[in-house]
Amino acid sequence: MGNSNKTLSAANKAKQDEFYTQLSDIENELKHYKEHFKGKVVFCNCDDPYESNFFKYFAMNFNHLGLKKLICTCYATSPIMYKQLTLFGEEEELCEEITNKKPYKIEITEVKDMNGDGAVDLQDIELLLKSFRSDECVELLKQADIVVTNPPFSLFREYVAQLIEYNKKFVIIGRMSAVHYKEIFPLIQNNKIWIGSGFNLTMVYKTPYQNTTEQNWRYVKSKGYNPEDGYIKVPAICWFTNLDIPKRHETMILYKDYNPEEYPKYLNFNAIEVGSIGEIPCDYFGNMGVPDTFLDKYNPEQFEVVGLAESSLGISIGMSANLTEEQLQSFKAENPSFRRGNPIYRDKNGKLRKPFSRIIIKRRK
Ligand SMILES: C[S@@+](CC[C@H](N)C(=O)[O-])C[C@H]1O[C@@H](n2cnc3c(N)ncnc32)[C@H](O)[C@@H]1O
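Residue 43 is where the sequence shown starts when you use this note's numbering, and the numbers rise one by one after that.
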């Protein structure tokens, strides 16, 4: 890794999109989707087969999942082009076993030969060094049934917009903060995207970046990775999907009773403040402001998402700061993070408060 790091362009460094997902993280998520892959064309469009564990996962599980086709494309300017991760490293033995002692690189033909199912041959593995936005990749996207990858974070909005435009099924990795994007939240609200199994994860990625803090190093080491090999801890990661998983149908058990003292109403919107999702009252059917962790438990048969109480999305549902200018200024002085579209309530002591981040939800009857 050492030498190749020096070859990283300043632009790539600034963008910091190179975070390679570990195989165990991919396995942990994709085990919840197995039945979706049978007979399907899977497209990993930010993935160099020589580097990507997404490619590796699908190549190794091609027959087990019953895939029809696997297509991988990656971006020509990716700095991973200069080097290899551990794709042929520690798992070499296993791969050799699968491929009848042949090098892993030709595993795909060997999978075909071993099973005689004709499903995979080398033409089926297409390595195209193009942006996911290129015409060629869009053509491949049209052929695909399910897109699975960890896309570049800096292009997350565009990436998701393209999946939605072409009406594709997907399982992708993103940052938790993406939930708050004005392009992404409405998709969650309208049940076009939901959270996969993994929510608010702290991931260890392999990267070409070295600038980690001591605390980051300690974490990486505690998980059994060597930070000197470019492993970095990245918190607040989650999986986004539009494939149905059982979690989405689990009903939250609600046990608390509503009372106006414990659940103050917002001063600027007709909703009650619920500080943690375990406290969602079982007998309240109006609007409620809940933390983002709600999305991990969101079952659309149980709840409706009314909106995000933040900036333009908050304003669009009518979350207005209906305080006098004087009240507003003194509140802002104490709560510098307060923005238009955020809720305000008065706590038990009469003090004005702004909760950290709130999604407005409502029970379905
Ligand atoms: C977060 S990394 C993940 C890599 C791989 N999918 C994985 O999970 O290990 C995102 C990758 O997308 C690549 N990338 C950046 N812009 C791209 C584009 N326009 N089209 C396709 N890939 C792109 C980056 O170079 C980077 O390798």
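Glycine included, each C-beta is placed from N, C-alpha and C at the ideal position.
From a predicted model like this one, the values you see are computed outputs, not experimental measurements.
Going by Cα to Cα distance, which pick from the options is closest to residue i?
i    : options                   : result
I408 : V246, R175, D338 and Y326 : There is simply no residue 408 to check, as the chain begins at 43 and stops at 407 in what is shown.
M294 : G320, E256 and K404       : G320
L370 : K111, D89, N87 and L394   : L394
N232 : P277, D187, V180 and E343 : E343
I403 : G392, I359 and R388       : I359
G328 : K234, G266 and R406       : R406
K298 : N209, A351 and I322       : I322
L365 : L350, R382, E352 and G356 : R382
V202 : K390, E225, T254 and K76  : E225
K263 : V246, G392 and Q252       : V246
N391 : E303, G331 and F373       : E303
N330 : I357, K82, L285 and Y300  : It should be pointed out that residue 330 corresponds to Met in this sequence rather than to Asn. Closest option to M330, Cα to Cα, is Y300.
L309 : F373, R175 and L355       : F373
A351 : K307, I401 and T283       : I401
I357 : F311, S66, I235 and D177  : F311
K2   : V347, V180 and M102       : Residue 2 cannot be examined here, being either before or after the span of the chain that is shown, 43 to 407.
V180 : F96, T283 and E207        : E207
I68  : F97, L296 and G317        : F97
Using a Cβ-Cβ cut-off of 7 Å (strictly less than) and excluding sequence neighbours within five positions of residue i, which residues of its own chain qualify?
i    : result
C116 : C88, D89, D90 and L171
E292 : N341
I215 : T63, N192, I279 and W281
I80  : Looking at the sequence shown, residue 80 is not Ile but Lys. Excluding residues within five positions, the ones whose Cβ falls inside 7 Å are L107 and G108.
T254 : P269 and I274
L355 : K224, F227, G349 and G383
Can you have a look at residue i and say buried or exposed, based on whether 16 or more other CB atoms are within 10 angstroms of its CB?
i    : result
Q22  : The displayed coordinates of the chain run from 43 to 407. Any statement about residue 22 would go beyond what the structure contains.
A375 : exposed
C114 : buried
S94  : buried
R199 : exposed
P194 : buried
E315 : buried
Q252 : exposed
E368 : exposed
Q204 : buried
So who's on the other strand from residue i, going by DSSP bridges?
i    : result
M330 : I314 and I403
N345 : First, the amino acid is wrong: residue 345 is Phe here, not Asn. Bridge partners of F345: R405.
G216 : C280
W236 : T283
M245 : V276
I188 : V84 and K211
K57  : Answer is none; K57 lacks a bridge partner.
Short of 6 Å in beta carbon distance, which residues of its chain neighbour residue i, apart from the five on each side in sequence? Order them along the chain.
i    : result
S173 : Y117
K396 : N377, F380, N384 and I386
T249 : E60, F61, G272 and I274
F398 : none
C100 : The sequence as given places Phe at residue 100; Cys does not occur at that position. Excluding residues within five positions, the ones whose Cβ falls inside 6 Å are V84 and L112.
S196 : K57 and D59
Among the residues of its own chain, which have a CB less than 8 Å from the CB of residue i, if the five just before and after it don't count?
i    : result
H74  : G238, S239, I287, P288 and K289
Y326 : Y300, Y305, I314 and R405
I188 : H78, F79, K82, V83, V84, F85, K210, K211, F212, V213 and L285
Looking at the C-beta of residue i, does it have a partner C-beta in chain B at a distance below 7 Å?
i    : result
Y223 : Going by chain labels, chain B is absent from the structure shown, which holds only one protein chain.
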